[in-house]
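In this note's numbering, the protein residues as written are 31 to 326.
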């Protein structure tokens, strides 16, 4: 009985602290799982993400525990990661309600996920399952934007474009391996094709970072790292039209950046391609490109 009372109080507290913030996702892998709210639960010092499941056919779905094979993780725009701690609403076959449940067609299920706190929820970039990159079986969400309830916008400091009208479309990334750049460095030339809309005469920049598994590779090399120490290569862009196509924007990845930061052996890596506004906020996560690097 005591456990039931405590559970009821926990649910009540959750309802009280729910903010009803506006959440949009620029790139999500699932059409039946939606993020319906993100807010900070200040008393627990945790960030809560509410997911709503509405499958159009009967399915078996698994929510992995924090110590499981593919638990959810939050990542902010700087690449910092926030671990899953608990959940409410999922009644699976494992401890604390994690595990597998069966959902009927068009049955609605809402679950609240509790993470280590992100101080500013507007800095959240992605919600992903660790080591899960399939576009058909993973519940991954990128380019997350959270607008806090009752926030105001200072129009006196607005720029010459409306971010709500800016968008981008990704087409592909392809690689040239074992080539030299203009400085005679040996590495990989990374080609990208994409479109930018609504950003005429305003600068932005294309960036790439390198993932091994679910972790970004880091470097100490000046000019090749971001504020979080992650290996990052970027190129400034200045769209000249309301609708601008970049047919072949090239970035160069020297092999030495991989060799200096990875152990000997074969490495399955992934290039994370993003567009950022000039002020450093994310414009659009474009896509991924997998490749293999072997250090001998």
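Backbone N, C-alpha and C fix where the C-beta goes; we use that ideal spot for every residue, glycine too.
Bear in mind that the values here come from a model prediction, so they are computed numbers and not experimental data.
Residue 105 sits buried, since 16 or more C-beta atoms from the chains shown fall within 10 Å of its C-beta. In this structure, residue 127 sits near residue 121, with a CB-CB distance shorter than 7 Å.
Considered as a whole, the segment 141 to 173 harbours 154 to 159 as its complete beta strand (DSSP E) runs of no fewer than 3 residues, in chain order. Proximity of the segment 163 to 178 to the segment 208 to 216 falls short of the contact definition, fewer than three beta-carbon pairs being nearer than 8 Å. Excluding the 5 residues flanking it on each side, residue 53 has same chain C-beta neighbours closer than 6 Å at 65, 68 and 176, in chain order.
If you draw a straight line from the Cα of residue 312 to the Cα of residue 252, it comes to about 22 Å. Per DSSP, reduced to three states, the secondary structure at residue 93 is strand.
Of all alpha-carbon atoms in 238, 60 and 80, the one lying nearest the alpha-carbon of residue 51 is that of 80. A Cβ-Cβ separation of about 6 Å places residue 299 in contact with residue 242 under the 8 Å criterion. The beta carbon of residue 290 is closer than 8 Å to those of 249 and 251 in its chain, skipping five residues each way along the sequence. Per the coordinates, the alpha-carbon of residue 234 lies some 6 Å from the alpha-carbon of residue 268. Residue pairing by DSSP leaves residue 128 without any beta bridge partner. Nearest C-alpha to residue 195 among 209, 229 and 303: 229. Runs of alpha helix (DSSP H) with 4 or more residues, each lying fully within the segment 269 to 316, are found at 285 to 289, listed in chain order. Of all C-beta pairs linking the segment 94 to 113 to the segment 136 to 155, three or more are shorter than 8 Å, placing the two stretches in contact.
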